[in-house]
Amino acid sequence: MSRSLILLAGDQLSHELAALEHASDDDVIALCEVAEEGRYVPHHPQKIAMMLSAMRHFAASLRDKGYRVHYSALDDPDNAHSLLQEAERLAKLYDCQRIVTTRPGEWRLLQAIEERRSDVPWEWTEDTRFYCTPEAFAQWLSGRKQPRMEAFYREMRRHTGLLMEGDEPMGGQWNFDKDNRKPLDQRLDVPSPPEHGIDDTTQAVLDQVAEHFGDHFGDLDGFHWPVTRRQALVDLRHFIDALLPDFGDYQDAISDDDPYLFHSRLSAPMNLGLISPREVCEAAQNAYLEGKAPINAVEGFVRQILGWREYVRGVYWSQMPDYKRGNALKATRGLPRFYWTGETDMRCLQRAIGMTRENAYAHHIQRLMVTGNFALLCGVSPEALCDWYLAVYADACEWVELPNTLGMVLHADGGIMGSKPYCASGKYIDRMSDHCRDCHYDVKKTTGETACPFNSLYWHFLERHADTLSNNHRMKLIYGSLNRMSDDKRTAMREQAQSFLATLELEPSYGQGEHVAGYRARGASS
């Protein structure tokens, strides 16, 4: 009888995984902790601990269901510490005739599998946990000059029937984004997230991660991520009942004190496979149908999953590997060192980075309009920022992180992800947050010692890229404002921005096609 080694990656922790569908009693299910995957960027310790604990709990659940499981732990003396090499070692150990896996979340791994030449052949199956396969997305993409997310999202709504009444969208319109931009109401009482107990398995992982990855950016104290399906379902129910009703109104708001507000924190367990996008979207839809949440909240949440999450994955698989080298705005500046330390007088960045250090989390507006916007305005290299985003967030897998960072945040893909850069001055941050009241800088000033750096950097960015962006129909009004400014005012703003940029302490600069990270180099020997 032919025996297979079925390899499950750390983000494939689902009993409904395609690779498990036809597993026989004789097959071996392998889960492997390998140092290689924990170090190619300096992943946040909470991110590593979440994945390792979830893997160990999932292996136990597989054994409970009667599967034959081999678990390679970090400290196993025979561990090859390379995912593919360890799988091949186990295949030989158990006399398996083939290795079966599911499409990984990174192009580099899929390429390595397809190019692998070993005594035991490799096979891979499609990941059916998503609504849209890469093949189906490529068919949708074919022939479209401007493949915008909104068109894809509407197609997915029709395909799935989510938030649809026949051929029409529930609530009478497809998108309620304009209703989802309220600044934070300070009188609101935001419910605290659930606290999951730390069992012996998770505690052992936390101790091990502290020992092996303690030099990485991020704190382990207060670890709170779900590591089992039961815990993930508790988080889902908490979101639906306590947070979803207000999610829509305040999904773009930023708080100086609260890192989560009304956001779900479900992306990490969903990316691991502990819960599925289908059950999450259906739970949100049911909340609307039962009158427990308004349509602008439910539609906005479903759009993030059925729209953005599926769309960015489609972009990733349809554009790789060239996509990763995109740098349309020719940005080469190194990452400011304070992205690793949080030591900056800019309150919004200080709090976004501090919350990320504490929680391995920042919500999408903090990523897009604070840390991302600042990097865009400064001309930070796409590789430098992508490495940072991939490292510090618990929910960062390359398939979702790369298009969001390189395309959405930095506009480095030349407009595939968005028709214009998401750039803004300090005025936007002041409107959507309460950071500016406690900041060293004055958000109302553009020049001078106490002027908010975002303001001069914003106009300097527009000047630098006028040849590329001034003809963009969505930016003509702002370029009209820039062109009406006096030469003296423009000179003063330009000098203010250049003076500020000269003071930034940076990681090593990035050239096109290079892959250098100062932080990673400093931690490489650990």
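Numbers 95 to 620, taken from my numbering, label the letters of the sequence shown in order. Idealized CB from N, CA, C, for every residue including glycine. The model shown is predicted, which means the values in this text are computed figures rather than measured ones.
Next item on the list: Just the C-alpha distance for HIS109 and PRO198, rounded to the nearest angstrom, thanks.
Entry: 16 Å
Notebook entry, point to check: Between the C-alpha atoms of LEU204 and ALA185, what's the straight-line distance to the nearest angstrom?
Noted result: 19 Å
Next item on the list: Compute the beta-carbon to beta-carbon distance between ASN380 and GLY342, rounded to the nearest angstrom, for a pair I have assumed lies under 8 Å.
Entry: Wrong, their Cβ atoms sit about 16 Å apart, outside the cutoff.
Checklist line | Rounded straight-line distance, which links the Cα of LEU168 to that of TYR40 | finding: One cannot answer for residue 40 here, as it falls past the ends of the chain, which runs 95 to 620.
Next item on the list: Apply the 10 Å Cβ neighbour rule to ASN577 and answer buried if 16 or more other Cβ atoms are within range, or exposed otherwise.
Entry: exposed
Margin query: Whole angstroms are fine: how far does the CA of TYR165 sit from the CA of LEU571?
Written below: 59 Å
Note to self: Starting from TYR165, trace the beta strand (DSSP E) in both directions and tell me its first and last residue.
What the structure shows: 163-166
Next item on the list: Count the C-beta pairs between the segment 322-332 and the segment 254-265 that are closer than 8 Å, then say yes if the count reaches three, no if not.
Entry: no
Check: So, using beta-carbon positions, are HIS151 and VAL374 closer together than 7 Å?
Finding: no
Check: How about PRO171 and VAL303: do their beta carbons lie closer than 7 Å?
Finding: no
Notebook entry, point to check: What are the partner residues of CYS126, as DSSP defines its beta bridges?
Noted result: SER166
Check: Which class does ARG223 belong to by DSSP, given the choice of helix, strand or coil?
Finding: coil
Check: Going by DSSP, what residues sit across from ILE100 in a beta bridge?
Finding: ILE123, VAL194
Margin query: Within the continuous alpha helix (DSSP H) that includes ASP507, where are the two ends?
Written below: Segment: none, ASP507 is in no alpha helix (DSSP H) and carries neither H nor E.
Check: Given a threshold of 16 other Cβ atoms within 10 Å of its Cβ, counted over all protein chains shown, does MET579 qualify as buried or as exposed?
Finding: exposed
Next item on the list: Ignoring anything shorter than 4 residues or poking outside the segment 235-285, list the alpha helix (DSSP H) runs there in chain order.
Entry: 243-254
Check: Considering only C-alpha positions, which residue in the set ARG441, GLU289, VAL503 is nearest to ALA326?
Finding: GLU289
Notebook entry, point to check: Considering only the beta carbon of each residue, do ARG431 and GLU557 sit closer than 7 Å?
Noted result: no
Checklist line | Boundaries of the alpha helix (DSSP H) in which GLN590 is found, first to last residue | finding: 581-597
Next item on the list: Grab me the residues of ARG323's own chain with a C-beta within less than 6 Å of its C-beta, minus the 5 sequence neighbours each way, in chain order.
Entry: LEU368
Next item on the list: Mind checking which residues open and close the alpha helix (DSSP H) that includes CYS442?
Entry: 441-453
Next item on the list: Please state whether DSSP places PRO136 in a helix, a strand or coil.
Entry: coil
Next item on the list: Verify whether the separation of the beta carbon atoms of VAL396 and ALA378 is less than 7 Å.
Entry: yes
Notebook entry, point to check: Do SER107 and ALA148 have their CB atoms nearer than 7 Å?
Noted result: The residue asked about is misnamed: residue 107 is Leu in this sequence, not Ser. Cβ distance < 7 Å, so LEU107 and ALA148 count as in contact.
Margin query: With distance defined between alpha-carbon atoms, name the residue in ARG238, GLN179, ARG242, CYS226 nearest to VAL214.
Written below: GLN179
Next item on the list: Assess, as a yes-or-no matter, whether the segment 351-362 is touched by the segment 453-462 under the definition of 3 or more beta carbon pairs within less than 8 Å.
Entry: yes
Item checked: Coil, strand or helix - GLY148 by DSSP -> Reading off the sequence, residue 148 comes out as Ala, not Gly. Helix, per DSSP.
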